Amino acid sequence: MTDRRGERRLVDARLHLLSRQVLDPDGEPVGAVDDLALAGPDGGEVEAGREAHVDAILVGPVLATRLFGGRVPDSRLPRIAWDDVGHVGTAVELTVPSDRLDAVWVERWVRDRLIARIPGGRHDPEAGA
Amino acid sequence: MNVGDLLDARVLGPDGAPLGVVVDVRLSLEVVDEAEGGPGAGEDREEAEHDAPLSAQARRDAVGGARLVGLLVGPRGAGSFHGYERTGIRSPWPIPQLVRRRHRGTFLVRWEDVAAVETGTAVGDDGARRVRLARGYTQLPAELPSASG
Amino acid sequence: MKKLLAAALGILTAVGGFVDIGDLVTNAVVGSRFGMSLAWVVVLGVVGIVLFASMAGRVAAVSGRATFEIVRERLGPRAAGANLLASFAINLLTLTAEVGGIALALHLASSVEPRLWIPVAALAVWLVLWRVKFQVMENVAGLMGLLLVGFAIALFQLGPDWGELLRQAVPPSPPGAEHPASYWYYAVALFGAAMTPYEVFFFSSGAVEERWTAKDLGTNRVNVLLGFPLGGLLSLSIAACAAVVLLPAGIEVSSLSQVVLPVAQAGGVLLLAVVILGIVAATFGAALETALSSGYTLAQYLGWSWGKFRRPARAARFHLTMIVALLLAVGILMTSVDPVAVTEMSVVFSAVALPLTYVPILVVANDPEYMGEHVNGRVVNALGTVYLVIVVVAAVAAIPLMIATGAGS
């Protein structure tokens, strides 16, 4: 592999990042990128014309507002810090295991309340009947 | 501020002339060199290449920071289908050709050339965000460098 | 030797899995009213599904993204949301038709009313999705679906006038009694029956889940290239049986018993039993794939964890979606709606839904960012563009034709 250190790759947010799959290090889906949170230097407010960078990925329930308009208050959005992003390809791959992310609580809820209650829910179908 | 707040905002020139709509936000990703392979790379390259999943060959870069480079301004909102006006893809005919025609005139503006991002508060405004460009802004070509670059 | 067996298994499973309730009913209806004059549509549909499935499989294998993830990524949230609603609804319609088909076939075999079989069929489908090793079930259903070759056997035993059948097919000569609008309506229906969207969702999701290697891609290409056309031959023999027995007698196909009438006439009770078993297997396999597709579409659009190889606890919302879809299908069927009518609607709407997934796949198959060096070659692209036109024309014409002909009556 050639040394690519210091290279920069130009991407367009809508084209390459928004709506892309977010995967944890094991390849498990975490959600889809709904928005990207921007921040100024040192994580402060973004000012027009001043340096800005991507601070976090927003995953999850923002979909409703994307479809119908309006804004969800920042405190309710599941955020994944951009520092936790390892790779960007056809999907956004994280370096943090999904169990530690807030974005996964709905899946966990459905699992614990419903699926795990049905006999055989935790059984691995590939392990033989 | 989120990227979603910038998308579809109306873009006005330094004197208030409407220039278009923000169709996309361009970012510059820092590519980090990988000493060891991630989930895709195998140790024994020769053998692994035959048995490795095809998706392991897909382009994926280890990334560091993502800097906001600029805004793409186009004639229509909601972004173009597949961004054809910014890439050199020519097939399947006739889709790229139609999309390019529809979105002709899309240009890139550097973030440094953005004077203000405002939410409309005047009477009659629908509360949509507006982006005002600074004096002396330049219209840069919208093309993305090709993937193999 | 083992490799040959594995390859044969793959091809045979594709053949047996090709025919579902949509193909059974539509081909029989077409044969009974138009003879073999719509045979060209089956050929067109088979080439189309071979092209579409192999493209979707390649895209999924190389990019690691399944069909509905691609729809979500390429269309943006609003358009993809509309796409999801339409695809999910039509998929649900097809699932309802398949579960209804299982019940109808079981009713033919026993004399127990279909309504009583419906919950049993749905429960059986769910149990397999929940517990059984999927590959086993798919192979069993696929191989048993091969029993539908009974239609071909019946056709030979009926000793038809082959020249007459050929004359009806080439050039297409519909019987004078039928209106051209009905002819084209059934052309669209037959096309939708051959190019069912769930096949593509299922195929591409499998490619991602199983992390296909280059070898896997090659194997699946062969399966599709050989299996689907042979499956198309099965479809044609269903139509031909109807053309030989039902058309001259003016018998209309309104239930499954007319579909299998030629078989009973040709081969007696034994052949009939074989064919009914084949129908149960084929519709059961299709119900499995369609139920999974309902899970795949929703989970992939919303970015959830999904997969038939994952234990249910690791893909909880995916499994919940499939349970809800099956319950909805049962609910619809228990209103005593005619499953054959549902089937006829589902194939026409499948044709309407085709561009929704075909266009994003065709577009991404040409994108080096997703495909690297595996982008479409020129021949595939030429064929792809031809089918783009066909698929869009069929989708646009479907509803107006449906209204103009009163759904074919």
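Protein chains in written order, with this note's numbering: chain X, 2 to 130; chain B, 5 to 153; chain R, 8 to 416.
Positions of the beta carbon are idealized from the N, C-alpha and C atoms, including for glycine.
Note that this is a predicted model, so its numbers are computed, not measured.
Below the 7 Å Cβ cutoff, chain B contributes S59, A62 as neighbours of G71 of chain R, in chain order.
D65 of chain B belongs to the set of residues whose beta carbon lies under 7 Å from a beta carbon in chain X.
The region 168–236 of chain R contains, as complete alpha helix (DSSP H) runs of 4+ residues, the segments 169–176, 187–201, 204–216 (chain order). Three or more beta-carbon pairs separated by less than 8 Å are not found between the region 363–381 of chain R and the region 132–142 of chain R, which leaves the two stretches without contact. With fewer than 16 other CB atoms across the displayed protein chains lying within 10 angstroms of its CB, I119 of chain X is exposed. In the same chain as P98 of chain X, and ignoring 5 residues on each side of it, the C-beta atoms closer than 8 Å to its own belong to D25, P26, D27, in chain order. Looking at the DSSP output, H88 of chain X bridges to X:E94, B:A66. Q22 of chain X sits buried, since 16 or more C-beta atoms from the chains shown fall within 10 Å of its C-beta.
If you check the CB distance, A63 of chain R and S211 of chain R come in under 7 Å. Contact of W219 of chain R with chain B by beta-carbon distance below 9 Å involves P57, L58, S59. Of the candidates R:L363, R:L253, R:F25, R:G107, the residue whose Cα lies closest to the Cα of L82 of chain R is R:L363. Distances from the CA of V31 of chain X to each of X:G41, X:T96, X:R114 were compared; the closest alpha carbon is that of X:T96. Within chain B, G69, A70, R71, L72 have C-beta atoms less than 8 Å from the C-beta of H54 of chain X, given in sequence order. Within chain X, P30, E108 have C-beta atoms less than 7 Å from the C-beta of W311 of chain R, given in sequence order. The DSSP-derived three-state label of R80 of chain X is strand. Assignment of H107 of chain B by DSSP, reduced to helix, strand and coil, places it in the coil class. Chain R places a beta carbon closer than 7 Å to that of S95 of chain B, counting this residue as a contact. With respect to the 7 Å criterion, L144 of chain B and W219 of chain R are not classified as neighbours on the basis of their beta carbons.
Annotation for S32 of chain B: the continuous beta strand (DSSP E) segment containing it runs 22–35. Rounded to the nearest whole angstrom, the CA to CA distance from V331 of chain R to L305 of chain R is 12 Å.
The beta carbon of V49 of chain R sits closer than 7 Å to the beta carbons of L197, A201, G239, S242, L243 from its chain, once the five residues preceding and following it are set aside; these are given in chain order. Scanning its chain for C-beta atoms nearer than 6 Å, with the 5 sequence neighbours on each side dropped, one finds around A73 of chain R the residues A67, S211, S212, V215, Q307, in chain order. With contacts defined as CB atoms closer than 7 Å, R318 of chain R and D125 of chain X qualify as a contacting pair.
In terms of beta-carbon proximity, P319 of chain R lines the interface with chain X, with at least one pair separated by less than 7 Å. Against chain B, the beta carbon of L11 of chain X has neighbours under 8 Å at R30, L31, S32, L33, V73, L148, P149, listed in chain order.
Within the region 357–403 of chain R, the complete alpha helix (DSSP H) segments of 4 residues or longer fall at 375–378, listed in chain order.
When the beta-carbon positions are compared, G292 of chain R and G24 of chain R come within less than 7 Å of each other. With respect to the 7 Å criterion, L390 of chain R and L153 of chain R are not classified as neighbours on the basis of their beta carbons. Residues Q175, A250, L254 of the same chain have their beta carbon placed closer than 6 Å to that of G42 of chain R, with the five preceding and five following residues left out of the count.
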